Amino acid sequence: MTAPVLPLWLNTNRRLDRWVRFDEDGRATILTGRVEYGQGAITALAQIAAEELDLDLEQVRIIGGDTELTPDEGHTSGSRSMDEGGTALRTACAEARAVLLAEAARRLDLPVERLQVEQGRIGGADRTREISYWDLPHRELLAREATGLVQPKPANRYTVVGRSAPRRDIPGKVAGRPTFVADLVQPGMLHGRVVRPPSEGARLLSFDEAAIRALPGVVAVVRDGDFLGVVAEREEQAVRARRAAIAAAHWQEPGLPVDADGIHAFLEAAQTTDTVIVERRDEAARARGVTRLQAQYGKPYIAHASIGPSSALARWDANPDRVEIWTHSQGVYPLVREIAQILGLPTASVVAHHVDGPGCYGHNGADDAAFDAVLLARAVPGRPVMLQWMRDDEFAWEPLGPAMRVKTAASLDADGRIVDWQLDLWSNGHSQRSGMVKTDYPNATLLAAWHLAQPVARMPQGDPLMAGGGGMARNGEVLYDLPNQKVVAHRVEELPLRVSTLRALGAYANVFAAESFMDELAQAAGEDPVAFRLKHLSDPRARAVIERAADASGWVPNAPSDGIRGRGIGFARYKNGYGYMAVVAQVTLEPDFRVTRVVAAIDVGLAINPDGIINQTEGGIIQSLSWTLCEAVRFDRERILSRDWETYPILTFAGVPEVEVHLINRPEEPPLGGGENPTGPTAAAVGNALAHALGVRVRDLPLTRERIVAAMG
Amino acid sequence: MSDNPSTRFHVNGAEQTVSAEPDTPLLYILRNDLGLKGAKFGCGLGQCGACTVLLDGHAVNACDTPLWAVEGKSVTTIEGLSAEGALDGLQQAFVDEQAVQCGYCIPGMIMSATALLRREPQATGEQVRAALERNLCRCGTHARILRAIERAIHEGAGRTA
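Protein chains in written order, with this note's numbering: chain B, 124 to 836; chain D, 65 to 225.
Here is the structure:
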């Protein structure tokens, strides 16, 4: 018999007391490497722990992402918190319970199979004798490694998991209580701001440091190569000093290789590394093709555009050097490893605590701000420095979601069946996360590291492996039953703008393209878009979400448009292995183009916190509407021009439609993440609805008024 | 620093006197001098509404309201809505509808809605959308925010606000 395989993160963090501890007050503290950023992961993980330990949810405290306390689970990303993080935690808690029960059985002199646990109290069925977790020597008992030999509770016995639990952080947030990194206060705290170059690669030619140092309240001006920052007693003094420093600094800018209008031609013409993602061949089927269609789609650079600019608090203590950071990073362990490496400190001398931040939706400025705060704090040892980026720091310097070009081609046979399908995509890699790409020289992803007088080389562009769902080619393959399918990813070597992970990565553009093209094929086949999809889809869970979304939206097969209103559908199974989702969008062209209603159906297997899943799905739909209708980062051959909410408009209440989400709960199936499913299907549904209303198709995102007018030609 | 004039105004019913440069944005005074962290820095440009507070009952952006402009006036922040410790009707409706994702924009949303409901306790959906048009949310919580405000109106939160 082979040894059981431990879940990924339990295998790398085996001690049970690294995951669960019992406190003196009759509660338990759960430690997770996952962090909360508004997606509700922490509440759902608390549910999982309460379930396995037979505790009430109120008895569970939970701490996420702390290099002094919690397990290292890498980054909280990719909709993997329930799947990977939940599985590790579930297994650890089940084993902790079993260890404690074995000891309880010995003390109660009862067979362990007869024991029941309620709110942490352990006893036989008659409850004549009881002992609790807290009566046992839990510290000693849990100071052991997991074996993986204990089976977690079967789903049909769940009482906490699968029921909507109110998010634990909401009451404090609506009361306006200090919650976020930027709300922290420490004695003697100073305020910092950074002074970024006007564009990437710009070099600082001259700077009147003395003039800035003389401004009221300024405690330090930090210049290290092309990195500039100010530290002041009061926040408004730091902001004023930053403003003055911007005026006092002269830079030489290298320029950009392309502007926003030329980006898609640039991607196609660029030198690329090509990878065949999938190739399924059936020459006999291909030969039946009678109608061939092709199309090309475009997606611009999109910003995470968090509503709060990134912030961090850091305190540097000298002799020996040690730095402590409070950050809204998605991965405190990778962050401290990289900072330690850049500064030449032992990893143990860099400590990071996760504190809530504004929503991030991927790799934004959070980590960069943490390192900026460290560099500023180093200049004023012993005094904490609160750093917050200004709005334009975030827009101009956060790693963006990459621009993409997607081309599709397919053939239909005489029966209107797809017999051949090819999708080609052009993009930069979608991840610049710390540690993503190994090199034989030290590399860094943190912005300021590239600007120091002794710079650390920038990490080469990276892309998640297909085994983990892929990055640029994520959902490039379609789930439909096709005899021939080929997907080729063309990775563009030159990197015009800094990019990294943004919610769903390549899946947003790939699903928009593939699902738009499905409608184009349905139209060529003279078939209804829903029926056409079902005809090519045998997976019952996939069919179920499409049917549910169509029914709930009142889909009328083959309904013609009145020239003003339209409806469209979009479908995908995220990463082709995660959540299923179908979206129906309804649009109107009068008085202006707007989305009036969105109806979605999702299946994420076991829904741990059903309302949490629905909340994430509604949010993902509306965020995707914003990307699809409004968003594109503007840049010219000099620099990024989107620097505030006027130059990077997003959807406002005026454009928000009625949103209705139907959850198909499957308690017998493993739980899958919810956060990223909606982006592609929503975009495609809107594009298809617009094409239905208009009679012509807009294939470049965003679907702006100018593009619609141009398409109507 | 001692050269700075004093500014007197009311915050959540209590008189406050602060000394700072007169053009200091009210937001920094509230957050750093008075320890009221509910209003957030979002853009510093009056574009996003994350810092919305009430100034003599009107919703304003604290990030571009200079200190000198509040002399003798009355400011209400999100902390002032639950001064007795209990959430007010509108805040409770946000909890009941779980109308929060990251929560960074939420205090501003609640303050803009409070200003509206004090004026129009029976505000229509259209009036609600118009009142929130300059409050941005990036998580896409809009649909829930609208439902929460609708619930508060239905439950009469505006009458007691």
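The beta carbon of each residue, even a glycine, is placed where N, CA and C say it ideally should be.
Here the structure is a predicted model, which is why all the values come from computation and not from measurement.
With a threshold of 8 Å between beta-carbons, can residue i be considered close to chain D, or not?
| i | result |
| --- | --- |
| Y160/B | yes |
| A305/B | yes |
| V222/B | no |
| R290/B | yes |
| E741/B | yes |
| L239/B | Leu is not the amino acid found at residue 239/B; the sequence shown has Gln there. So, not an interface residue. |
| V779/B | yes |
| N738/B | yes |
What do you get for residue i, buried or exposed, if any count of 16 or more other CB atoms within 10 angstroms of its CB means buried?
| i | result |
| --- | --- |
| M65/D | Note that M65/D scores 46 on pLDDT, short of 50, meaning its location in the model is unreliable; the coordinates nonetheless yield the value given after this. Classification for M65/D: exposed. |
| P320/B | buried |
| D189/B | buried |
| G803/B | buried |
| D397/B | exposed |
| H218/D | exposed |
| Y564/B | exposed |
| M589/B | buried |
| A266/B | exposed |
| A519/B | buried |
| G505/B | exposed |
| V784/B | buried |
| M704/B | buried |
| M205/B | buried |
| D685/B | exposed |
| P432/B | buried |
Check the Cβ of residue i against every Cβ in chain B and list those closer than 9 Å, keeping chain order.
| i | result |
| --- | --- |
| P171/D | K296, V297, A298 and G299 |
| I213/D | Under the 9 Å cutoff, chain B gives no residues; its nearest Cβ is about 11 Å from I213/D. |
Using a Cβ-Cβ cut-off of 8 Å, state whether residue i counts as contacting chain B.
| i | result |
| --- | --- |
| Q191/D | no |
| G204/D | yes |
| T88/D | yes |
| A207/D | yes |
| L94/D | no |
| L196/D | yes |
| S146/D | yes |
| Q165/D | yes |
| G102/D | yes |
| E219/D | no |
| A225/D | At A225/D, the pLDDT of 46 sits below 50, so the modelled position is not reliable; the number obtained from the coordinates is stated separately. So, not an interface residue. |
| P80/D | Correcting the residue identity first, residue 80/D is Gln in this sequence and not Pro. No - not a single Cβ of chain B is within 8 Å of the one on Q80/D. |
| E85/D | yes |
| E143/D | yes |
| S138/D | no |
| Q186/D | no |
Residue i touches chain D at which residues, Cβ-Cβ below 8 Å?
| i | result |
| --- | --- |
| M513/B | G108 |
For residue i and chain E, any beta-carbon pair shorter than 8 Å?
| i | result |
| --- | --- |
| F776/B | Within the model displayed, chain E is absent; protein chains B and D are what it includes. |
Report the neighbours of residue i on chain D: residues whose CB is nearer than 9 Å to its CB, in chain order.
| i | result |
| --- | --- |
| E769/B | L109 and Q111 |
Identify the contact partners of residue i in chain D, using a Cβ-Cβ distance below 7 Å as the criterion.
| i | result |
| --- | --- |
| R902/B | The structure shown has nothing for residue 902/B, since chain B only spans 124 to 836. |
| S429/B | R202 |
| D715/B | Result: empty, since nearest Cβ-Cβ is about 15 Å, beyond 7 Å. |
Along chain B, in chain order, which residues have C-beta atoms closer than 8 Å to that of residue i?
| i | result |
| --- | --- |
| F105/D | A305, G431, P432 and Q511 |
| L151/D | P294, V297 and A298 |
| V159/D | P289, I293, P294 and V297 |
### Task
With 8 Å as the limit, tell me which residues of the region 672-684 of chain B have their beta carbon closer than that to any beta carbon of chain D; keep them in chain order.
So the list is empty, because no residue satisfies the distance condition.
### Message
Give me the subset of the region 472-501 of chain B whose CB atoms are less than 7 Å from a CB atom of chain D, sorted by chain position.
### Response
Residues P481 and G482.
### Task
Any chance you could list the beta strand (DSSP E) runs of at least 3 consecutive residues sitting entirely within the region 609-646 of chain B, in chain order?
The qualifying runs do not exist here; there are none.
### Query
Listed from N- to C-terminal order along the chain, which residues in the region 348-379 of chain B have their beta-carbon within a distance smaller than 9 Å of any beta-carbon of chain D?
If you check each beta-carbon in the region 348-379 of chain B against every beta-carbon of chain D, the ones closer than 9 Å belong to E356, R357, E358, E359, Q360, V362 and R363.
### Query
Along the region 565-587 of chain B, what residues have a CB closer than 9 Å to any CB found in chain D?
Answer in chain order: no residues at all.
### Task
Go through the region 89-116 of chain D residue by residue and report every complete run of the beta strand (DSSP E) that reaches 3 residues or more, in order.
If we require 3 residues or more, the region 89-116 of chain D turns out to have no beta strand (DSSP E) run fully inside it.
### Message
Just to confirm the assignment: which complete alpha helix (DSSP H) runs, minimum length 4, are found wholly within the region 463-539 of chain B?
### Response
Runs of the alpha helix (DSSP H) inside the region 463-539 of chain B: 489-501 and 514-520.
### Query
Can you list, in chain order, the stretches of the alpha helix (DSSP H) that have 4 or more residues and sit fully within the region 718-744 of chain B?
Counting whole runs of 4 or more residues, the region 718-744 of chain B contains no alpha helix (DSSP H) stretch at all.
### Message
What are the residues in the region 113-124 of chain D lying within 8 Å of chain B by C-beta distance?
### Response
Flagged, chain order: A114.
### Message
Under 7 Å, CB to CB, which of the residues in the region 516-534 of chain B have a partner in chain D?
### Response
Within the region 516-534 of chain B, no residue qualifies.
### Task
Go through the region 741-820 of chain B residue by residue and report every complete run of the alpha helix (DSSP H) that reaches 4 residues or more, in order.
Runs found: 802-817.
### Task
Counting only runs of 4+ residues fully inside the region 352-427 of chain B, write out the alpha helix (DSSP H) ranges in chain order.
With a minimum length of 4 residues, the continuous alpha helix (DSSP H) runs that stay inside the region 352-427 of chain B are 358-371, 386-392 and 406-409.
### Query
Where in the region 293-355 of chain B do unbroken runs of the alpha helix (DSSP H), each at least 4 residues long, occur, reported from the N-terminal end onward?
293-298 and 332-336, all fully within the region 293-355 of chain B.
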